[in-house]
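Asks: Numbering (the numbering used here), first residue to last: 239 to 617.
All C-beta atoms, glycine included, are put in the ideal place defined by N, C-alpha and C.
Since the structure is predicted, the reported quantities are computational estimates derived from the model, not experimental observations.
The structure is reproduced here in structure tokens:
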């Protein structure tokens, strides 16, 4: 057995034994000087040539949930003409800050709401800059909420998508994100038929959880470089899912009703952090076993990446699921602004396409929300 494989197995065994600090130390020692680049968010992770270092670095990012990450400077970007409010929400599961973009055209009329969940080592402000979702929201008169993971809950500010306590309705971080959503609904005039959730990486996995746990709240879901709900149940299984995809395709957990919720997926086919197979598993989970027709489109961004777009339809219902495979792209938000971390400006604009997909999919005849907010918000 190679030294690298032995090292990886030792790190996994330490994690299984609950010796997270020792496992993290081993991973950091194996990385050596290369670990410095882990704090540089803009470095494309697919440039790494050593598969062992790639896997160890991704493992370290998840494992460092209890250690302090290298601080990331706030992005310097020009704000849109609307308001970018700083607020917080708390319930029995804890407290989370969030930013809320209110478009300049909002005058109290019913508007859509998009909830955006950042990835590891990101902040709400950083994610807003990189995705340019405020720009798109200004154009289409949408509210955008950016819940922020706390370093106390995860040292790398990852949403804890791999922990069962955060994967079900009414519990953990899922309840906090739903609570923030409901608080915005209470404070503003939100069209209840047009509430959506999306995220990147760990945030994408969290978005998949929210769509599965709260299909009555969210009309559609966007998952960029993420994983299916239930793809992992602890840190070691998170490593496996990230590297290989979850063997059962994330169908081992079914919190809440198994309703088909419109879903759009983006994934780079050179993603060395989260195996692209996970994007397919997000779609399989969303399809809930239905047989769908598929239409394939291929295109090329001038001077950038080629892509394959798959559209899935059922009868006369139109497109229900949509996936974009960005060829040559790694673990980064496609078409994003380099002012934010983990962005690839050479791909199709994921923010614009997700919002377009969302607005095409309002909730069909949904009853009034039964989610009374049990938490408190601070303007």
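In chain order, which beta strand (DSSP E) runs of at least 3 residues are fully inside the segment 520-551?
Replies: Qualifying beta strand (DSSP E) stretches, in chain order: 531-538 and 544-551.
Asks: Could you tell me which whole beta strand (DSSP E) segments of length 3 or greater appear in the segment 398-456?
Replies: The qualifying runs are 428-438.
Asks: According to DSSP, is residue 560 part of a helix, a strand, or is it coil?
Replies: Here residue 560 sits in strand by DSSP.
Asks: Could you tell me whether the Cβ atoms of residue 569 and residue 511 are closer together than 8 angstroms?
Replies: Yes; because the gap between Cβ atoms is below 8 angstroms, this pair is in contact.
Asks: Which residues does DSSP pair with residue 385 in a beta bridge?
Replies: Paired residue(s): 336.
Asks: What three-state label does DSSP hand residue 211 in the structure shown?
Replies: Nothing in the structure corresponds to residue 211, since the chain is present only between 239 and 617.
Asks: Quick check: the Cα distance between residue 540 and residue 585, rounded to an integer number of angstroms?
Replies: Between residue 540 and residue 585, the C-alpha separation is close to 9 angstroms.
Asks: So the candidates are 505, 567 and 583; which of them puts its Cα closest to the Cα of residue 561?
Replies: With distances taken between Cα atoms, residue 561 lies closest to 505.
Asks: For residue 507 and residue 563, what's the separation of their Cα atoms in angstroms?
Replies: Distance between the alpha carbons of residue 507 and residue 563 is about 6 angstroms.
Asks: Look up residue 572 in the DSSP assignment and give the residues it is bridged to.
Replies: Residue 572 is bridged to 582.
Asks: Residue range of the beta strand (DSSP E) that residue 597 falls in?
Replies: Residue 597 -> not in any beta strand (DSSP E); alpha helix (DSSP H) instead, spanning 588-597.
Asks: Distance check for residue 368 and residue 239, CA to CA, integer angstroms please.
Replies: Because the pLDDT at residue 239 is just 49, under 50, the model does not fix this residue reliably, and the point stays unresolved.
Asks: Pick from 553, 370 and 423: whose alpha carbon is nearest that of residue 528?
Replies: That would be 553, whose Cα lies nearest to the Cα of residue 528.
Asks: Of the residues 441, 436 and 399, which one's Cα is nearest the Cα of residue 476?
Replies: Of the listed residues, the one whose Cα sits closest to residue 476 is 399.
Asks: Rounded to a whole number of angstroms, what is the C-alpha to C-alpha distance between residue 360 and residue 579?
Replies: Roughly 7 angstroms between the two C-alpha positions.
Asks: Look up residue 329 in the DSSP assignment and give the residues it is bridged to.
Replies: Residue 329 pairs with 332.
Asks: What distance in whole Å lies between the Cβ atoms of residue 445 and residue 355, which are believed to be in contact at a cut-off of 8 angstroms?
Replies: Residue 355 to residue 445, Cβ: 5 angstroms. Contact.
Asks: Exposed or buried, residue 347, counting other C-beta atoms within 10 Å across all chains shown (16 or more means buried)?
Replies: Its Cβ having fewer than 16 others within 10 Å, residue 347 is exposed.
Asks: Report yes if the CB atom of residue 642 is closer than 8 angstroms to the CB atom of residue 357, and no otherwise.
Replies: The structure shown has nothing for residue 642, since the chain only spans 239 to 617.
Asks: I need the DSSP call for residue 224, collapsed to helix, strand or coil.
Replies: The structure shown has nothing for residue 224, since the chain only spans 239 to 617.
Asks: Only counting the same chain, and skipping five residues up and downstream in sequence, which positions put a Cβ closer than 8 angstroms to that of residue 314?
Replies: Unreliable positioning characterises residue 314 in this predicted model, as indicated by a pLDDT of 44, which lies under 50. The coordinate reading is nonetheless provided below. Around residue 314: 577.
Asks: Residues in its own chain within less than 7 angstroms of residue 524 by CB, not counting five upstream and five downstream?
Replies: Same-chain partners within the cutoff: 498, 499, 501 and 559.
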